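Worksheet: one structure, shown below.
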DNA sequence: TCATTTAGTTAGTGATCACTTACTTACTAG
DNA sequence: CTAGTAAGTAAGTGATCACTAACTAAATGA
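Chains as they are written, first to last, in UniProt numbering: chain A, 1 to 203; chain B, 1 to 203.
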């Protein structure tokens with residue numbers, strides 16, 4: 001049953017993330033993680049010098065996953081509004097698959113104990129916002145959405161849409177489908193953005 | 001320095017809420033609360049049989065404050081869209097004044113330990129959503145916003161706006177003014193909602 | 001084959017948590 | 001004035017936390 005350090009580290013990180021989903025980030029104790037893996041609690045400290053460094057590894061994996069998901073979503077999509085849609089859809093899908101992500105944003109580990117982690121997550125959210133804003137600006141130059149809108153404002157509205165959907169999903173004990181409801185709202189918002197000038201042209 | 005039970009209970013609840021703002025909900029220990037008040041830790045258990053019941057009292061005060069703020073905001077406002085604006089503005093102002101509220105939504109106490117609290121908050125958010133939806137429906141019958149929009153969908157967009165603003169504010173270490181940026185976004189969204197048919201009529 | 005490396009264990013540490021018990025002191029009604 | 005009540009204290013409890021020291025056994029390379 002003995003694994004290489006590399007494999008074991010990955011297993012520990014994955015387990016922490018899974019347990020953060022299931023029981024909440026602040027409930028993930030070293031003892032609980034070790035028990036789930038099937039090693040003693042002390043074994044974790046062979047691989048990570050402290051729990052904070054373990055969380056840092058988790059955060060790094062999450063931010064990597066986010067970056068990868070965005071890149072994949074944008075592959076071979078050139079139309080600006082389709083790119084916006086793909087980005088939001090990817091974010092919704094990722095949160096649905098890894099519900100710990102929004103919980104991590106407000107966990108004790110991130111918000112209080114570890115300024116570095118908070119900074120890393122904030123930077124990722126900022127990157128998401130900037131990607132949205134860039135494509136929205138492109139859509140604007142194509143005359144697809146009104147010219148007097150600030151792309152960054154619209155990008156904020158769209159990221160808020162994702163965050164709101166995640167909050168309602170979390171509070172509702174995950175009964176509804178976050179992806180479906182989120183995508184439905186995205187369509188409403190995108191129609192609102194497009195229709196004004198589009199309908200003028202059509203009419 | 002001895003206070004009546006009523007006064008002391010109120011003082012404890014207020015202190016918990018203040019400390020939840022300052023150090024995070026999960027960091028609020030009975031010892032820390034007692035120390036800030038200036039009594040022994042055991043004294044808290046004279047007034048609340050358990051920490052869970054203490055949190056329940058805090059939640060009740062918060063939901064009461066929410067309800068009051070909404071009622072006050074709607075007083076003497078009859079125009080549907082102005083009511084929507086007043087509601088969202090009131091919510092932004094309240095969160096800015098009591099930043100623990102969004103943190104509570106994701107705290108361990110609420111999301112894991114205490115199903116009752118989670119239910120209470122979910123119900124309040126639902127009430128907010130329904131109030132928005134009702135006024136949006138009224139605006140729809142007045143022809144102020146497009147008829148083919150589901151009022152509940154638009155209400156979700158608006159509550160998400162508030163939640164997104166709160167998240168960015170919390171993660172950004174509260175450097176920006178949440179009320180200002182939130183209200184600016186609200187204006188953008190409201191213009192998006194109105195302009196479509198308004199501009200058609202004008203044009 | 002055997003020495004070295006390394007993943008893992010056993011059995012603790014002190015700190016901190018919510019909560020309890022037994023006692024004490026301040027207020028108040030009769 | 002005094003007896004009862006209610007607020008508060010001192011000093012614990014056991015549980016749980018992250019983390020450590022000393023030891024063991026499995027893999028590996030010469």
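From the three backbone atoms N, C-alpha and C, an ideal C-beta is built for every residue, glycine too.
Everything numeric in this text was worked out from a predicted model, so none of it was measured.
Relative to the alpha-carbon of residue 98/A, which residue among 192/A, 22/A and 175/A has its alpha-carbon at the smallest distance?
It is 22/A.
On a Cα-Cα basis, can you pick out the residue from 183/A, 8/A, 16/A and 164/A that is closest to residue 102/B?
Distance from the Cα of residue 102/B is smallest, within the candidate group 183/A, 8/A, 16/A and 164/A, for 164/A.
Would a check of beta-carbon distances place residue 178/A closer than 8 Å to chain B?
By this cut-off, residue 178/A is not an interface position.
For residue 98/A, does the three-state DSSP call read helix, strand or coil?
Note: residue 98/A maps to coil in three-state DSSP.
How about residue 132/A and residue 160/A: are their beta carbons less than 8 Å apart?
In this structure, residue 160/A does not lie closer than 8 Å to residue 132/A by Cβ.
For residue 188/A, which three-state DSSP category applies?
Here residue 188/A sits in helix by DSSP.
Applying the criterion that 16 or more other CB atoms from any shown protein chain within 10 Å of the CB defines a buried residue, is residue 118/B buried or exposed?
Label assigned to residue 118/B: buried.
Chain-ordered neighbours of residue 153/B on chain A, where CB pairs are closer than 8 Å:
Under a criterion of Cβ atoms nearer than 8 Å, the residues of chain A adjacent to residue 153/B are, in order, 184, 185 and 188.
Taking Cβ-Cβ distances shorter than 8 Å, what residues in chain B pair up with residue 131/A?
Against chain B, a Cβ distance below 8 Å from residue 131/A picks out nothing, because the smallest value is about 16 Å.
Determine contact between the region 129 to 147 of chain B and the region 55 to 66 of chain B, defined as no fewer than three beta-carbon pairs at a distance below 8 Å.
With a cut-off of 8 Å, the region 55 to 66 of chain B and the region 129 to 147 of chain B do not count as touching, because too few Cβ pairs lie within range.
Length-filtered (4 minimum) alpha helix (DSSP H) runs lying within the region 97 to 167 of chain A:
Correct list: 100 to 105 and 115 to 141.
Just to make sure I have the definition right: I need the residues of chain B whose C-beta is within less than 9 Å of the C-beta of residue 26/A. Which are they?
Per Cβ cutoff of 9 Å: 26, 107, 108 and 112.
Compare the C-beta of residue 35/B against all C-beta atoms of chain A and say whether one is closer than 8 Å.
Residue 35/B has a beta carbon lying at 8 Å or more from every beta carbon in chain A.
Out of 177/A, 34/A, 29/A and 162/A, which has the shortest C-alpha to C-alpha gap to residue 11/A?
For residue 11/A, the nearest C-alpha among the options comes from 34/A.
Does DSSP put residue 201/A in a helix, a strand or coil?
Note on residue 201/A: pLDDT 37, under 50, position unreliable in the model; no value is reported.
Spatial distance of residue 44/A from residue 20/A (CA atoms)
Roughly 17 Å separates the two Cα atoms.
Cutoff 7 Å; reference residue 51/B; Cβ partners in own chain excluding five residues on either side
If we look at residue 51/B and ignore the five residues flanking it on each side, its Cβ neighbours are 30.
At a cut of 8 Å, does the region 77 to 89 of chain B reach the region 138 to 154 of chain A through at least three beta carbon pairs?
Taking 8 Å as the limit for Cβ pairs, the verdict is that the region 138 to 154 of chain A does not touch the region 77 to 89 of chain B.
Chain B residues whose Cβ lies nearer than 9 Å to that of residue 48/A:
Those do not exist, as residue 48/A stays about 22 Å from chain B at its closest Cβ, beyond 9 Å.
Does DSSP put residue 172/A in a helix, in a strand, or in coil?
Three-state result, residue 172/A: coil.
Which same chain residues, not among the five before or five after residue 48/B, have their C-beta less than 8 Å away from its C-beta?
Around residue 48/B: 9, 12, 54 and 57.
Option in 63/B, 64/B and 90/B with minimal Cα separation from residue 75/B:
Of the listed residues, the one whose Cα sits closest to residue 75/B is 90/B.
Going along chain B, which residues have a C-beta under 7 Å from residue 167/A?
The contacting residues are 105 and 163.
Cut-off 6 Å between Cβ atoms - residues of its own chain near residue 100/B, not counting five sequence neighbours on either side:
Answer for residue 100/B: 17, 20 and 21, listed in chain order.
Whole angstroms are fine: how far does the CA of residue 67/A sit from the CA of residue 115/B?
If I take the Cα positions, the gap works out to 34 Å.
Just the C-alpha distance for residue 186/A and residue 28/B, rounded to the nearest angstrom, thanks.
If you take the alpha carbons of residue 186/A and residue 28/B, they lie about 38 Å apart.
Helix, strand or coil: how does DSSP classify residue 204/A here?
Past the boundaries of the shown model lies residue 204/A; chain A is included only from 1 to 203, so the question cannot be answered.
Hey, quick one: how far does the alpha helix (DSSP H) through residue 22/B stretch, first residue to last?
Counting along the chain, the alpha helix (DSSP H) containing residue 22/B begins and ends at 5 to 23.
Buried versus exposed call for residue 38/A [16 or more other C-beta atoms within 10 Å across all chains shown]:
Answer is exposed; the Cβ neighbour count stays below 16.
Whole-number beta carbon distance between residue 171/B and residue 121/A, since they are thought to touch under 8 Å:
About 7 Å; that satisfies the 8 Å criterion.
Starting from the beta carbon of residue 193/B, find every residue of chain A whose beta carbon is closer than 9 Å, and list them in chain order.
In chain order: 192.
Report all residues from its chain with a CB closer than 7 Å to the CB of residue 5/A; omit the five preceding and five following residues, and keep chain order.
Cβ neighbours of residue 5/A beyond the five flanking positions: 47.
On a CA-only basis, which of 193/B, 126/B and 177/B is nearest residue 63/B? Give me that one, please.
Residue 126/B is the option with its Cα nearest to residue 63/B.
Cβ-heavy atom distance between residue 177/B and the ligand SAM below 7 Å?
This structure does not include the ligand SAM; it has no bound ligands of any sort.
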